[in-house]
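So the sequence shown is residues 1093 to 1296, counted in our numbering. Read through the structure below, which is laid out as structure tokens, and then see the notes.
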Amino acid sequence: MNVRGVILAAGLGRRMGAVKQLLPLHGRPLLQHVIDAARASTLAHLALVLGNAHAEILSRIDARGVDIVLNPDFASGQSTSVRAGLTHGPDADGVMFLLGDQPLVDAPLIDLLVTRFLTELPWALVPVHEGRPGNPAIIGREMMRDAQGLTGDVGARKLLRDNPRHVQRIEIGDPAVLRDVDTMDDYLSLLAMRRTDAEDNFRP
């Protein structure tokens, strides 16, 4: 049994006004933090879904060992990236969706979620911090089929809301599961945090 990973990083980032995937955080682009954590985890396979500014992003990140999926329909909403990620990759018992703007999610957290999912095999597993659902979420085979029908600017979150009885929620003490970067204020807040990884020495 295994879980593969899909990093969603195709969006326009309208609220940021910049290619947020490349904004620097401790010497690395935001997206690089996500890629590095996923590569260091037990995820069986990793795909990176890109769309907006994909050529610029690929020129400035290290994506070795990661399958690149270009989503030409990214402007139609996140559902197109979810579907693209689901259809590109080997068979798996679950798919973890990681957000390309959630750089504080680390490999131990990913592995914790993967282990819990493979132990219980729910339809889906969602990390929760102080009662608030976050990311990355994992969906199982039942929801994978349903996700192929998603449309518009919605992700797997809609499936989780529509099937609450089949979703396992796991309380996580780390607020990283809630911290993504949608606005410049979000980004500045991240920059103000104390550096915690002494090995952050990647230079794009």
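Note that the Cβ used here is the ideal one computed from N, Cα and C, for glycine as well.
Reduced DSSP category for residue i - H, G, I as helix; E, B as strand; rest coil
i	result
valine 1098	strand
glutamine 1170	helix
valine 1161	strand
arginine 1131	helix
glycine 1119	coil
leucine 1142	strand
leucine 1201	helix
histidine 1137	coil
valine 1111	coil
aspartate 1292	Low confidence applies here, because aspartate 1292 scores a pLDDT of 43, under 50, leaving its location unreliable and the question unanswered by this model.
arginine 1287	Only weak support is given to the placement of arginine 1287: the predicted model assigns it a pLDDT of 48, under 50, and the question is left unresolved by the model.
arginine 1208	helix
glutamine 1240	coil
leucine 1282	helix
proline 1256	helix
Residue nearest to residue i in terms of C-alpha spacing, selected from the options
i	options	result
arginine 1233	Asp1277, Leu1100, Val1187, Asp1245	Val1187
threonine 1134	Arg1152, Arg1096, Ile1160, Pro1228	Arg1096
serine 1173	Leu1100, Pro1116, Arg1237, Trp1215	Leu1100
asparagine 1144	Leu1162, Arg1208, Asp1154	Leu1162
leucine 1196	Leu1210, Ala1102, Leu1270, Gly1119	Leu1270
isoleucine 1230	Glu1222, Gln1113, Glu1212	Glu1212
valine 1141	Asp1198, Leu1251, Arg1175, Gly1241	Arg1175
glutamine 1260	Val1220, Val1098, Asp1277	Val1220
isoleucine 1262	Thr1207, Val1273, Asp1198	Thr1207
lysine 1250	His1180, Pro1225, Lys1112, Ala1139	Pro1225
aspartate 1278	Asp1154, Leu1115, Trp1215	Leu1115
leucine 1280	Met1108, Gly1103, Val1098, Ala1102	Met1108
leucine 1300	Phe1189, Ala1110, Ala1155	Here the chain covers residues 1093 to 1296 and nothing more, so residue 1300 does not appear.
proline 1228	Leu1191, Ile1264, Pro1214	Leu1191
glycine 1265	Glu1222, Ala1248, Met1276, Gly1241	Glu1222
glutamine 1113	Ala1284, Met1285, Met1276	Met1276
Burial state of residue i, where buried means 16 or more other Cβ atoms lie within 10 Å
i	result
proline 1164	exposed
methionine 1235	buried
proline 1267	exposed
aspartate 1245	exposed
glutamine 1194	buried
isoleucine 1160	exposed
leucine 1117	buried
alanine 1239	buried
leucine 1283	exposed
alanine 1102	buried
Residue span of the beta strand (DSSP E) that contains residue i, given as start and end
i	result
aspartate 1266	Run containing aspartate 1266: none; DSSP gives neither H nor E here.
methionine 1188	1186 to 1191
histidine 1221	1216 to 1221
First and last residue of the uninterrupted alpha helix (DSSP H) at residue i
i	result
alanine 1248	Note, alanine 1248: premise wrong, no alpha helix (DSSP H); not H, not E.
alanine 1229	Note, alanine 1229: premise wrong, no alpha helix (DSSP H); beta strand (DSSP E) at 1229 to 1232.
Using 8 Å as the Cβ pair cut-off and three pairs as the minimum, do the stretch 1129 to 1137 and the stretch 1191 to 1203 touch? When C-beta atoms of the stretch 1129 to 1137 are compared with those of the stretch 1191 to 1203, three or more pairs fall below 8 Å, so the two segments count as touching.
Please determine if the stretch 1154 to 1169 and the stretch 1254 to 1268 are in contact, where contact requires at least 3 C-beta pairs separated by less than 8 Å. Touching, no, given that fewer than three Cβ pairs across the two stretches are closer than 8 Å.
Check whether the stretch 1111 to 1126 and the stretch 1136 to 1151 touch, using three or more Cβ-Cβ pairs below 8 Å as the test. Output reads yes: the stretch 1136 to 1151 touches the stretch 1111 to 1126.
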